[in-house]
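Reading through the structure tokens given below for one structure.
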Amino acid sequence: MFDTLSGKLSGVFEGLSKRGRLSEADVAEAMREVRLAMLDADVALPVVRDFVNKVKEKAVGTEVLESISPGQAVAKIVNDALIEALGGAGNVPLNLAAVAPVPVLMVGLQGSGKTTTSGKIALRLLTRERKRVLLASLDVQRPAAQLQLQQLAERVGVGSLPIIAGQQPVEIARRALETGRREGYDVVILDTAGRLSIDEALMQEVRDVRDATNPVETLLVVDAMTGQDAVNTAQRFNEAVGITGVVMTRMDGDARGGAALSMRAITGAPIKLVGLGEKLEALDDFYPERVAGRILGLGDIAGLVEKASETLDHEESERVAKKMMAGKFDLDDYASQLRQIGKMGSISGIVGMLPGMGKLKEKLGDQDLDTSIFKRHQVIISSMTKDERKTPAIIKASRKKRIAAGSGTTVQEVNKLLKQFDDMSTIMKRISKMGLGGMKQMLSG
Ligand code: GDP
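FYI, the numbering for the sequence shown is 1 to 445, going by the UniProt record's numbering.
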């Protein structure tokens with residue numbers, strides 16, 4: 001499970017694997033790797049320092065059991081500590097247990113994805129919980145914003161508050177709740193106005209709306225791609241209006257999750273949901289254990305498996321899952337996976353979840369990934385013989401040359417594909433060793 005990091009750490013611990021307990025010097029060396037991984041993932045420096053110190057305390061003196069390497073032992077401690085720092089394993093769901101209509105206040109900067117997220121939440125409440133949702137835009141600065149939300153509501157199939165020109169945010173919010181009550185809505189989502197940056201007038205407006213409506217949830221929407229700025233924004237909003245939860249958008253991008261870690265440490269509010277694309281379905285529950293994996297560069301197998309089971313037909317995912325569990329995974333399965341990934345839509349959202357793909361993605365734009373890597377891998381695989389696909393180990397130099405020539409690629413690219421496949425199957429073998437229990441643990445915490 002702790003592939004990348006434990007791989008790096010095992011280098012650090014090489015030669016001392018016979019020792020029973022980890023010494024301070026051993027751990028200090030390992031912590032340098034952890035520090036780098038975290039800074040790389042855009043975690044705030046003070047948070048990294050604090051975290052590394054805590055892990056050091058735990059790791060020094062740890063007995064290394066025979067069955068695992070010191071690298072794995074430390075990686076596990078780091079992983080557990082990350083999950084802890086992210087708020088503990090498991091998702092914190094939206095709290096909608098109150099007398100209907102339940103007011104939900106959406107706050108955040110302009111462009112963070114607030115309006116889109118309001119629509120996504122409405123869709124999820126409608127389809128998963130059969131709730132009646134009313135959307136209301138309080139953005140009186142930009143008349144287009146109210147129209148945007150109305151159109152969004154129509155697309156989702158939920159209600160939207162009729163627009164009355166000239167009404168102020170607090171009046172609109174009150175009218176939304178009255179309408180909600182009168183027309184039997186379960187939830188009223190209030191989409192406040194955003195600004196390009198935080199200013200006192202904005203905060204006062206949000207406070208006034210809050211005081212007039214008593215929201216059960218005040219959800220802050222932040223853009224994960226803005227890294228440390230997202231954390232500063234969260235801190236300011238939390239101090240000014242108090243937030244009950246965070247939605248991190250654009251987690252489908254290159255953001256490696258560092259902002260998520262700092263977020264929890266700095267605001268104390270749990271991240272409840274993540275946005276994974278522009279489509280209205282692209283909203284997921286937030287799981288600390290998955291982001292921990294992302295920070296450590298392990299990929300997000302659990303997320304991938306879930307996404308697959310949501311998108312693909314059941315039989316196919318069952319078949320893939322069975323092969324994974326049996327530790328049998330060949331290049332045909334890899335090719336079939338690539339095809340399915342194509343079907344799953346947003347490639348960029350999926351790629352971040354694949355082990356070892358994060359780095360590759362940094363190098364290429366999304367465009368290149370769509371059109372190039374996945375298709376090329378499929379082409380390369382289709383230039384292999386059946387035996388080669390079943391037993392990739394037989395692919396040595398001369399076969400590589402033939403495959404490269406046949407697929408119009410290079411030996412280097414064939415090597416890359418084989419390495420990628422190798423990384424994936426190693427992780428899958430580990431998962432299968434953990435057995436169903438381990439898999440469940442990983443999925444739920
Ligand atoms: P607002 O100004 O905060 O209301 O932002 P919008 O909801 O209008 O979103 C701004 C842009 O970000 C739009 O183009 C959205 O489609 C896009 N967007 C929102 N959430 C996500 C997300 O999770 N991932 C990606 N890739 N784009 C998003």
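Idealized CB from N, CA, C, for every residue including glycine.
- Ser137: member of the beta strand (DSSP E) spanning 133 to 137, first to last residue.
- Relative to the Cα of Val241, the nearest Cα in the group Leu202, Thr385, Glu183 belongs to Leu202.
- Beyond the five residues adjoining it in sequence on each side, Val206 comes within less than 6 Å, by CB distance, of Val107, Thr192, Val241 in the same chain, given in chain order.
- Of the other Cβ atoms in all chains shown, fewer than 16 fall within 10 Å of the Cβ of Ile394; this residue is therefore exposed.
- The way I'd put it, the segment 264 to 282 does touch the segment 117 to 125; three or more beta-carbon pairs between them come closer than 8 Å.
- When DSSP states are grouped into helix, strand and coil, Gly108 belongs to the strand group.
- With a threshold of 7 Å, the Cβ atom of Val221 counts as near ligand 1, since some heavy atom of the ligand is closer than that.
- Put simply, the segment 214 to 225 touches the segment 249 to 264. At least three CB pairs are less than 8 Å apart.
- Rounded to the nearest whole angstrom, the C-alpha separation of Lys390 and Gly293 is 29 Å.
- Counted as a single uninterrupted DSSP element, the stretch harbouring Gly408 is not any beta strand (DSSP E), since DSSP gives it neither H nor E.
- One thing to note: Pro101 has its Cβ within 8 Å of the Cβ of Val188.
- With respect to the 8 Å criterion, Met38 and Ile381 are not classified as neighbours on the basis of their beta carbons.
- For Thr127, the enclosing alpha helix (DSSP H) has its first and last residue at 114 to 129.
- Distance from Pro103 to Leu190 at the Cβ level is roughly 6 Å; contact confirmed, criterion being Cβ atoms closer than 8 Å.
- In this structure, the straight-line span from the alpha carbon of Ala153 to that of Pro162 is close to 11 Å.
- Remark: C-beta atoms of Ala85 and Leu261 approach each other more closely than 8 Å.
- Here DSSP, grouped into helix, strand and coil, assigns Gly258 to helix.
- About 6 Å separates the Cβ atoms of Asp42 and Ala259, confirming a contact at the 8 Å cut-off.
- Counting the other Cβ atoms within 10 Å of the Cβ of Asp199 gives fewer than 16, which makes it exposed.
- Cβ neighbours of Leu331 within its own chain (closer than 8 Å, five residues either side excluded): Ile381, Met384, Glu388, Arg389, Lys390, Pro392, Phe421.
- Rounded to the nearest whole angstrom, the CA to CA distance from Gln378 to Leu418 is 12 Å.
- For the pair Thr218 and Leu105, the CB atoms are nearer than the 8 Å cut-off.
- Within the same chain, Cβ atoms closer than 8 Å to the Cβ of Leu177 are found at Pro101, Pro103, Val188, Thr213, the five residues on either side in sequence being excluded.
- Boundaries of the beta strand (DSSP E) harbouring Ile189: 187 to 191, taken from the DSSP string.
- In the same chain as Gln146, and ignoring 5 residues on each side of it, the C-beta atoms closer than 7 Å to its own belong to Ser137, Asp139, Ile163, in chain order.
- In the displayed model, Glu178 falls within a helix according to three-state DSSP.
- In the same chain as Gly184, and ignoring 5 residues on each side of it, the C-beta atoms closer than 7 Å to its own belong to Arg132, in chain order.
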